[in-house]
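Residue numbers (our numbering): 145 to 264.
To keep things clear, I will list the structure first and then write my remarks on it.
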Amino acid sequence: MHELGLTREIVAMVAGHAGGRRVRRVVLEVGTLAGVMTDAVAFCFDAVAEGTALEGAVLEIRRVEARGRCRRCGAEFVRETLHSPCACGSFDVEGLTGAELRVLSYEIGAPEAAAEGQGA
Ligand SMILES: [Zn+2]
């Protein structure tokens with residue numbers, strides 16, 4: 145399952161960045177045309193995070209609308225799929241957004257806001 149490997153990569157990357165500190169929240173940005181099933185990522189996240197710095201962390205997934213610009217008429221529009229044509233009929237469309245797959249931010253601190261005394 146593609147999303148399981150992806151979730152592992154995300155968890156490993158954030159854990160690496162956090163440098164051993166606990167992470168309580170991760171915000172992931174996923175474009176609607178990124179080819180990622182966000183439900184599956186959310187589903188595996190808890191299991192993948194177990195035993196890492198992200199254990200118990202909240203995963204927030206933000207979908208990014210896919211927009212494209214027509215190379216023929218210059219119009220910008222929302223793309224339902226990678227092959228959605230412009231209203232003018234042209235399929236020559238430059239993708240602007242929608243392929244995003246990145247960690248937007250994460251928060252350091254113990255889950256359940258019990259960070260007192262630990263010095264987050
Ligand atoms: Zn057009």
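Here a beta-carbon is modelled for each residue, glycine too, at the ideal position from N, C-alpha and C.
Predicted model only: the values in this text are computed from it and were never measured.
* Run the proximity test for Ser234: is its beta-carbon closer than 6 Å to any non-hydrogen atom belonging to ligand 1? => Stepping through the sequence shown from its first residue, residue 234 is reached at position 90. Answer for Ser234: yes, Cβ within range of ligand 1.
* Arg169 to Ala186, Cα distance in whole Å? -> Taking the first residue of the sequence shown as position 1, residue 169 is located at position 25. Taking the first residue of the sequence shown as position 1, residue 186 is located at position 42. Whole-angstrom Cα-Cα distance: 13 Å.
* Asked: Is Phe187 helix, strand or coil when you go by DSSP?
  -> Residue numbering aside, residue 187 sits at position 43 when the sequence shown is read from its first letter. Here Phe187 sits in helix by DSSP.
* Between Tyr250 and Val171, what straight-line distance do the alpha-carbon atoms span, to the nearest angstrom? -> Taking the sequence shown and counting its residues from 1, the one referred to as residue 250 is at position 106. Taking the sequence shown and counting its residues from 1, the one referred to as residue 171 is at position 27. Cα to Cα, Tyr250 sits roughly 6 Å from Val171.
* Asked: Closest by CA to Glu173, which one among Arg215, Ala201 and Val208?
  -> On the sequence shown, position 29 is the one that residue 173 refers to. The option with the nearest alpha carbon to Glu173 is Val208.
* Asked: Can you name, in chain order, every residue of its own chain whose Cβ lies under 8 Å from the Cβ of Phe235, other than the five neighbours on each side?
  -> Position 91 of the sequence shown, counted from the first residue, corresponds to residue 235. Taken in chain order, the residues that qualify are His227 and Pro229.
* Asked: Just to check, is the beta-carbon of Cys217 closer than 6 Å to a non-hydrogen atom of ligand 1?
  -> Sequence index remark: in the sequence shown, residue 217 carries index 73 (1-based). Because some heavy atom of ligand 1 lies under 6 Å away, the Cβ of Cys217 counts as near it: yes.
* Cβ-Cβ distance between Leu177 and Ala231 below 7 Å -> Position 33 of the sequence shown, counted from the first residue, corresponds to residue 177. Position 87 of the sequence shown, counted from the first residue, corresponds to residue 231. Cβ atoms of Leu177 and Ala231: not closer than 7 Å.
* **Helix, strand or coil at Val171 according to DSSP, with G and I counted as helix** => For the purposes of this step, residue 171 is taken as residue 27 along the sequence shown, with counting starting at 1. Strand.
* To do: Tell me whether Ala191 is buried or exposed, calling it buried when 16 or more other Cβ atoms sit within 10 Å of its Cβ.
  => As a first step, residue 191 must be located in the sequence shown, where it is residue number 47. Result: exposed.
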